[in-house]
Amino acid sequence: MRIYAIGDIHGQLAMLEAMHDRVAKDRAATGDQAAPVVHLGDYVDRGPDSRGVLQRLIDGVEEGQPWVTLRGNHDEMFLDYLRQGPEDQGWNWFAGNIGGRETLASYGVASGLLAKRKSVHRRACVAVPDAHRAFLEALPLSYETADLIFVHAGIRPGLPLSDQIPQDLLWIRGEFLSDPRDHGRIVVHGHTIVPAPEHRGNRVALDTGAGMGNMPTVAVFEGTDVHILEETGRRPLRP
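In the working numbering, the protein residues as written are 60 to 298.
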(Lines of atoms letter the chains of each structure in order from A and count residues from 1; the text may use other names and numbers.)
(Lines give C-alpha, C1' and ligand atoms only; values in the text may rest on other atoms or scores of the structure.)
Protein backbone atom coordinates (compact mmCIF):
# COMPACT_ATOMS: atom_id res chain seq x y z
CA MET A 1 0.00 0.00 0.00
CA ARG A 2 1.30 3.44 -0.93
CA ILE A 3 0.63 6.29 1.49
CA TYR A 4 1.97 9.84 1.79
CA ALA A 5 2.60 11.85 4.97
CA ILE A 6 3.21 15.57 5.45
CA GLY A 7 4.82 16.93 8.61
CA ASP A 8 3.81 19.94 10.69
CA ILE A 9 2.77 22.99 8.63
CA HIS A 10 2.22 25.78 11.22
CA GLY A 11 0.41 28.34 9.12
CA GLN A 12 2.67 28.09 6.05
CA LEU A 13 0.15 27.87 3.23
CA ALA A 14 2.64 28.26 0.37
CA MET A 15 4.77 25.47 1.84
CA LEU A 16 1.74 23.21 2.20
CA GLU A 17 0.91 23.78 -1.45
CA ALA A 18 4.52 22.95 -2.36
CA MET A 19 4.22 19.62 -0.52
CA HIS A 20 0.96 18.86 -2.30
CA ASP A 21 2.69 19.66 -5.61
CA ARG A 22 5.37 17.09 -4.81
CA VAL A 23 2.69 14.51 -4.08
CA ALA A 24 1.02 15.34 -7.40
CA LYS A 25 4.29 14.83 -9.29
CA ASP A 26 4.86 11.49 -7.57
CA ARG A 27 1.30 10.43 -8.31
CA ALA A 28 1.81 11.29 -11.98
CA ALA A 29 4.99 9.20 -12.06
CA THR A 30 3.38 6.19 -10.39
CA GLY A 31 -0.10 6.49 -11.87
CA ASP A 32 -1.61 6.13 -8.38
CA GLN A 33 -4.17 8.85 -7.73
CA ALA A 34 -5.92 7.13 -4.83
CA ALA A 35 -3.18 6.79 -2.20
CA PRO A 36 -4.06 8.66 1.02
CA VAL A 37 -2.14 11.74 2.14
CA VAL A 38 -1.84 11.90 5.93
CA HIS A 39 -1.30 15.37 7.42
CA LEU A 40 0.31 14.98 10.85
CA GLY A 41 -1.28 18.00 12.54
CA ASP A 42 -0.16 21.41 13.79
CA TYR A 43 -1.82 23.37 11.01
CA VAL A 44 -1.92 26.61 13.00
CA ASP A 45 0.39 28.95 14.96
CA ARG A 46 3.71 30.67 14.23
CA GLY A 47 3.35 30.97 10.45
CA PRO A 48 1.51 33.81 8.67
CA ASP A 49 -1.63 32.09 7.35
CA SER A 50 -3.19 29.57 9.72
CA ARG A 51 -6.60 30.52 8.40
CA GLY A 52 -5.52 29.80 4.83
CA VAL A 53 -4.05 26.43 5.77
CA LEU A 54 -7.25 25.31 7.47
CA GLN A 55 -9.37 26.52 4.57
CA ARG A 56 -7.16 24.67 2.07
CA LEU A 57 -7.51 21.44 4.02
CA ILE A 58 -11.27 21.87 4.36
CA ASP A 59 -11.59 22.59 0.64
CA GLY A 60 -9.49 19.58 -0.30
CA VAL A 61 -11.52 17.20 1.85
CA GLU A 62 -14.76 18.63 0.44
CA GLU A 63 -13.40 18.18 -3.10
CA GLY A 64 -12.91 14.49 -2.39
CA GLN A 65 -9.14 14.48 -2.02
CA PRO A 66 -7.98 11.28 -0.25
CA TRP A 67 -6.59 13.31 2.65
CA VAL A 68 -6.34 12.31 6.29
CA THR A 69 -5.98 15.26 8.67
CA LEU A 70 -4.79 14.44 12.19
CA ARG A 71 -4.96 16.75 15.19
CA GLY A 72 -1.78 18.32 16.59
CA ASN A 73 -1.19 19.88 19.99
CA HIS A 74 -1.24 23.39 18.51
CA ASP A 75 -4.61 22.69 16.90
CA GLU A 76 -5.77 21.52 20.33
CA MET A 77 -4.51 24.73 21.97
CA PHE A 78 -6.42 26.82 19.44
CA LEU A 79 -9.57 24.87 20.27
CA ASP A 80 -8.90 25.23 24.00
CA TYR A 81 -8.73 28.99 23.61
CA LEU A 82 -12.01 29.12 21.73
CA ARG A 83 -13.69 26.69 24.14
CA GLN A 84 -12.45 28.00 27.48
CA GLY A 85 -12.21 31.73 27.09
CA PRO A 86 -9.64 34.32 28.14
CA GLU A 87 -9.79 33.64 31.87
CA ASP A 88 -8.80 30.02 31.53
CA GLN A 89 -5.65 28.15 30.62
CA GLY A 90 -6.22 28.72 26.91
CA TRP A 91 -4.76 32.20 27.30
CA ASN A 92 -1.29 30.56 27.59
CA TRP A 93 -1.63 30.01 23.85
CA PHE A 94 -0.27 33.56 23.49
CA ALA A 95 2.87 32.96 25.59
CA GLY A 96 6.38 32.83 24.18
CA ASN A 97 6.65 31.46 20.66
CA ILE A 98 3.60 29.20 20.84
CA GLY A 99 2.02 31.22 18.05
CA GLY A 100 -1.49 32.14 19.13
CA ARG A 101 -1.00 35.78 18.19
CA GLU A 102 -0.05 34.86 14.63
CA THR A 103 -3.05 32.57 14.31
CA LEU A 104 -5.53 35.23 15.42
CA ALA A 105 -3.83 37.79 13.18
CA SER A 106 -4.59 35.54 10.20
CA TYR A 107 -8.27 35.95 11.13
CA GLY A 108 -7.90 39.71 11.38
CA VAL A 109 -7.87 39.81 15.20
CA ALA A 110 -5.07 41.80 16.86
CA SER A 111 -4.10 40.39 20.26
CA GLY A 112 -1.47 42.88 21.36
CA LEU A 113 -3.40 44.39 24.28
CA LEU A 114 -3.43 41.67 26.93
CA ALA A 115 -5.45 43.91 29.25
CA LYS A 116 -8.34 43.58 26.80
CA ARG A 117 -8.30 39.80 26.72
CA LYS A 118 -12.08 39.48 27.03
CA SER A 119 -12.55 41.72 24.01
CA VAL A 120 -9.92 39.78 22.05
CA HIS A 121 -11.65 36.52 22.86
CA ARG A 122 -15.06 37.80 21.81
CA ARG A 123 -13.67 39.03 18.50
CA ALA A 124 -11.83 35.75 17.94
CA CYS A 125 -14.98 33.69 18.47
CA VAL A 126 -16.76 35.82 15.87
CA ALA A 127 -13.87 35.87 13.39
CA VAL A 128 -13.16 32.12 13.32
CA PRO A 129 -15.69 30.55 10.92
CA ASP A 130 -17.91 27.81 12.30
CA ALA A 131 -16.58 25.52 9.56
CA HIS A 132 -13.01 25.95 10.82
CA ARG A 133 -13.96 25.20 14.38
CA ALA A 134 -16.01 22.17 13.33
CA PHE A 135 -13.10 20.90 11.23
CA LEU A 136 -10.71 21.16 14.19
CA GLU A 137 -13.20 19.53 16.57
CA ALA A 138 -13.56 16.55 14.22
CA LEU A 139 -9.85 15.86 13.68
CA PRO A 140 -8.86 12.30 14.65
CA LEU A 141 -5.78 11.58 16.78
CA SER A 142 -4.38 8.65 14.79
CA TYR A 143 -4.48 6.72 11.53
CA GLU A 144 -3.16 3.20 11.03
CA THR A 145 -2.34 0.67 8.35
CA ALA A 146 -0.98 -2.85 8.58
CA ASP A 147 2.59 -1.52 8.71
CA LEU A 148 2.30 2.02 10.08
CA ILE A 149 0.80 4.14 12.86
CA PHE A 150 0.42 7.85 12.13
CA VAL A 151 0.11 10.22 15.09
CA HIS A 152 1.11 13.79 15.80
CA ALA A 153 3.60 13.39 18.67
CA GLY A 154 4.12 9.67 19.27
CA ILE A 155 2.83 6.88 21.48
CA ARG A 156 3.36 5.67 25.03
CA PRO A 157 5.74 2.70 24.51
CA GLY A 158 4.36 -0.66 25.53
CA LEU A 159 0.69 0.25 25.16
CA PRO A 160 -1.52 -0.76 22.24
CA LEU A 161 -2.97 2.11 20.22
CA SER A 162 -6.42 1.44 21.67
CA ASP A 163 -5.09 2.21 25.17
CA GLN A 164 -3.24 5.41 24.29
CA ILE A 165 -4.48 8.66 25.83
CA PRO A 166 -4.88 11.91 23.86
CA GLN A 167 -2.29 13.70 26.02
CA ASP A 168 0.44 11.33 24.84
CA LEU A 169 -0.64 11.20 21.20
CA LEU A 170 -0.54 15.03 21.09
CA TRP A 171 2.36 15.88 23.41
CA ILE A 172 4.72 12.99 24.22
CA ARG A 173 8.43 13.42 23.62
CA GLY A 174 11.20 11.93 25.77
CA GLU A 175 9.72 8.58 26.76
CA PHE A 176 8.81 7.87 23.15
CA LEU A 177 11.76 9.41 21.34
CA SER A 178 14.35 7.63 23.47
CA ASP A 179 12.68 4.20 23.40
CA PRO A 180 14.39 1.78 20.95
CA ARG A 181 11.91 -1.07 21.22
CA ASP A 182 9.82 -2.39 18.34
CA HIS A 183 6.32 -0.89 18.55
CA GLY A 184 4.88 -3.59 16.31
CA ARG A 185 4.52 -1.10 13.48
CA ILE A 186 6.56 1.94 12.46
CA VAL A 187 5.25 5.10 14.13
CA VAL A 188 5.18 8.12 11.80
CA HIS A 189 5.07 11.41 13.69
CA GLY A 190 5.80 15.12 13.78
CA HIS A 191 5.76 17.44 16.83
CA THR A 192 9.47 17.34 17.67
CA ILE A 193 11.56 19.38 15.25
CA VAL A 194 14.46 17.58 13.57
CA PRO A 195 16.98 19.20 11.20
CA ALA A 196 16.13 16.60 8.56
CA PRO A 197 13.65 13.70 8.41
CA GLU A 198 14.79 10.76 10.52
CA HIS A 199 14.20 7.03 10.35
CA ARG A 200 14.98 5.40 13.70
CA GLY A 201 13.86 1.90 12.75
CA ASN A 202 10.82 1.95 15.03
CA ARG A 203 9.70 5.49 14.14
CA VAL A 204 9.97 8.13 11.41
CA ALA A 205 10.13 11.82 12.37
CA LEU A 206 8.84 14.34 9.80
CA ASP A 207 8.63 17.73 11.60
CA THR A 208 11.44 19.72 9.96
CA GLY A 209 10.45 23.10 11.37
CA ALA A 210 7.94 24.85 9.12
CA GLY A 211 6.93 26.87 12.16
CA MET A 212 10.46 28.29 12.23
CA GLY A 213 10.44 29.07 8.51
CA ASN A 214 12.09 25.84 7.35
CA MET A 215 10.69 23.71 4.55
CA PRO A 216 8.30 21.00 5.78
CA THR A 217 8.69 17.39 4.71
CA VAL A 218 6.55 15.00 2.71
CA ALA A 219 7.33 11.29 2.61
CA VAL A 220 5.91 8.36 0.72
CA PHE A 221 5.60 4.92 2.33
CA GLU A 222 5.26 1.66 0.42
CA GLY A 223 4.94 -0.99 3.06
CA THR A 224 7.82 -0.14 5.38
CA ASP A 225 9.97 1.43 2.64
CA VAL A 226 10.25 5.20 3.01
CA HIS A 227 11.22 7.89 0.51
CA ILE A 228 11.34 11.64 0.99
CA LEU A 229 9.80 13.61 -1.86
CA GLU A 230 12.17 16.39 -2.89
CA GLU A 231 11.93 18.84 -5.78
CA THR A 232 14.00 16.47 -7.90
CA GLY A 233 12.06 13.34 -6.95
CA ARG A 234 12.34 10.54 -4.40
CA ARG A 235 15.20 10.11 -1.93
CA PRO A 236 15.36 6.90 0.14
CA LEU A 237 15.15 7.32 3.93
CA ARG A 238 16.71 4.40 5.74
CA PRO A 239 17.28 3.60 9.43
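All C-beta atoms in this analysis are idealised placements derived from N, C-alpha and C, irrespective of residue type, glycine included.
- Non-local beta-carbon contacts of V285 in its own chain, meaning distances under 7 Å to residues more than five positions away in sequence, involve H258, V263, A278 and L296 in chain order.
- Taking each of V247, L198 and P199 in turn and checking the Cα distance to I208, the smallest one comes out for V247.
- Every alpha helix (DSSP H) of 4 residues or more that sits fully in the region 115-174 is shown, in chain order, as 132-143 and 159-165.
- Spanning the alpha carbons of R115 and V253 requires a straight line of approximately 25 Å.
- According to the DSSP assignment, S178 belongs to no beta strand (DSSP E) but to the alpha helix (DSSP H) extending over R176 to A186.
- For the 8 Å CB-CB criterion, D206 and T283 form a contact.
- Beta-bridge analysis with DSSP links P295 to H286.
- Nearest neighbour of E289 by Cα position, chosen from T128, Q71 and D85, turns out to be D85.
- Rounded to the nearest angstrom, the gap between the Cα atoms of E76 and T276 is 12 Å.
- R142 sits exposed, since fewer than 16 C-beta atoms from the chains shown fall within 10 Å of its C-beta.
- Going by DSSP, A278 is part of the beta strand (DSSP E) stretching over V277 to E281.
- CA-CA distance, K177 to G272, rounds to 31 Å.
- A residue is called buried when at least 16 other Cβ atoms come within 10 angstroms of its Cβ; I224 does not meet this threshold and is exposed.
- Scanning its chain for C-beta atoms nearer than 7 Å, with the 5 sequence neighbours on each side dropped, one finds around A93 the residues P125, in chain order.
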